[in-house]
Structure formats: structure tokens, C-alpha cells
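See structure below.
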């Protein structure tokens, strides 16, 4: 089944404790992206990757890191989480051509205390 | 300035009513793509439709229909005979053309919360 998977789905952590949210897709997509969703703000792009070893900042990259060592995986790293990073996070992937539909993972709910 | 504006934050209707969700976008590209996604209470994002800027034909899929008007930069979504299961947040999104760093960027509106009462 074609899908984007994220783990964990739910996470409660404390300020400053490094964490990684994994994202994996099995559709051979070149393009992958991370978004955060906050009430009243819609989805905002954090980072994206057009291919292996190619990443770039989205609209709200502060406090996040990403890497793209393999085509299928695009982990999101919070080196020192803070309460303002409490949010719902989505990973998405698509083929790397203009206008391709992005397919989203199930989301990860993160609470930083 | 927001590239995608969904002016309606919340809409409430009673079952079987028709409802239209508005979406206004802003772009200078001649080639662009518009999308609608549905986010039910369970939280996942469900793709509904993709439309390119060269295709202004309205589309109908069951009770769903979309009205794309380039003249007003709008891509509105209508649900006919709404049902309780239509209750969700609906997002409109824009993807611009082939310019290098913007390739693949997806700009979302802030969403419209639709509640359908029985």
C-alpha cells in the first residue's frame, strides 16, 4: 500500500530533550516536506527536500533540523525542543514535478512541557 | 501577504443544506495548481482535488463540486446536501509553477471548520 508513515504518532517531552520524528514513504517520491499545524494558522512548511542530500528551509525552520540521506526517509530533528514547538506535525511527499499532489502522513502530535 | 485566503473560519449548517467554502489565492505565475484537502476529526489530511491553472472547467464528484474562476482568483468548494460526516476542517492550497526554489512548495490557507448538525 502506497503510504507515508510517521513515528511516533504522539509524543510528550520536556524542554531541551532532543527528539526525532521519523518519516518514511514507499512511493519513490523525490520531494518530501515537513509542516506544522497550529490552530488558526493552517499548515506552515518547516523544511523540504527536493532529493537526496538536498534540503531547504520553508517558512518556519527555526528550531528544527532535517536530513535526507535516503530517498525514502526524511526525519525531523528538534535538538532542544521548547514549548512553542508544541504542535501537530505532518510529513508529506510527492514526485518532483510542478503541481504534483502531495500525500501526507498521519501526523505526529507533540507536546513540549 | 497570504497567498491563500480562506475568509470563513467556521461554518455551521444543518444536514441536507448546501454549503460553499471560499478560497481566494494570489500568484503572479501563469502556471499554478490548486488543491483542496479535508481534515476530519481524526486528524489526517485527505486529498480531495487538484486543478491546474489552464483548466477552468468546473468539476463535480458526487456531492462535491468545485468552481474555479481565474478572473476572481477563486477556487470555491461546494458540498451539496451536506451530511454529518462532512464535518471537518477544509484546506485550500496553492502550488506555483516551475521556478527553481518554489518547485513543490505548497501554500495553505488557514482552513475552514465545517460543522454539519443532524
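Protein chains in written order, with our numbering: chain D, 1 to 113; chain H, 114 to 231.
Backbone N, C-alpha and C define an ideal beta-carbon position, used for all residues, glycine too.
Remember, predicted model here, so these are calculated numbers, not experimental data.
If you compare the alpha carbons of H:194, H:223, H:124, H:205 with that of residue 164 of chain H, the shortest gap goes to H:205. Scanning its chain for C-beta atoms nearer than 7 Å, with the 5 sequence neighbours on each side dropped, one finds around residue 117 of chain H the residues 136, 138, 205, 206, 207, 220, 221, 222, in chain order. At least one C-beta of chain H is nearer than 7 Å to the C-beta of residue 101 of chain D. Pairing residue 41 of chain D with residue 78 of chain D gives a Cβ-Cβ distance that is not under 7 Å. The beta-carbon distance between residue 64 of chain D and residue 50 of chain D, rounded to whole angstroms, is 17 Å. This is too long to meet the 8 Å contact definition. For residue 71 of chain D, the CB contacts under 6 Å within the same chain, skipping 5 residues up- and downstream, are 52 in chain order. Assignment of beta-bridge partners to residue 209 of chain H by DSSP yields H:145. Residue 40 of chain D reaches chain H at 122, 223, counting residues in chain order whose Cβ is nearer than 8 Å. Proximity of chain H to residue 74 of chain D at the Cβ level (cut-off 8 Å) is not reached, the minimal Cβ distance being about 13 Å. Contact residues of the segment 49-83 of chain D toward chain H are 50, 56 (C-beta to C-beta distance below 7 Å).
When secondary structure is reduced to three states using DSSP, residue 151 of chain H falls in the strand class.
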